[in-house]
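Student:
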Amino acid sequence: MGSHTYLPAPDGAGAAKGALAKGGLLVTLEATEEILQEFMDAMSALERHISKRWASSEMWFCSSPAE
Numbered sequence: 001m002g003s004h005t006y007l008p009a010p011d012g013a014g015a016a017k018g019a020l021a022k023g024g025l026l027v028t029l030e031a032t033e034e035i036l037q038e039f040m041d042a043m044s045a046l047e048r049h050i051s052k053r054w055a056s057s058e059m060w061f062c063s064s065p066a067e
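Residue numbers (the numbering used here): 1 to 67.
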């Protein structure tokens with residue numbers, strides 16, 4: 001399936017849903033937008049958490065004495 005770009009529906013779009021885009025082709029989302037948004041929010045939170053942990057582990061590694 002490969003990577004796609006999620007395009008959320010504009011605010012105030014009423015019943016309009018978001019879309020997935022790849023190579024200029026759009027697939028309009030219907031019932032899955034809310035679930036997809038929750039998934040994307042969870043993945044973004046995980047990415048932020050991992051980035052913070054990665055940065056702190058690099059600082060620890062760089063400041064530890066060499067053996």
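A virtual CB, placed ideally from N, CA and C, is assigned to each residue, including glycine.
Between the Cα of residue 5 and the Cα atoms of 11, 40 and 34, which residue gives the shortest distance?
Tutor: As a working note, residue 5 is residue 5 in the sequence shown. Taking only the C-alpha atoms, the option nearest residue 5 is 40.
Student: Output the boundary residues of the beta strand (DSSP E) element that contains residue 84.
Tutor: For residue 84 there is no data in the structure shown, the boundaries of the chain being 1 and 67.
Student: Which residue marks the beginning of the beta strand (DSSP E) containing residue 26, and which one marks its end?
Tutor: Residue 26 sits at position 26 when you count from the first residue of the sequence shown. Residue 26 -> beta strand (DSSP E) spans 25-28.
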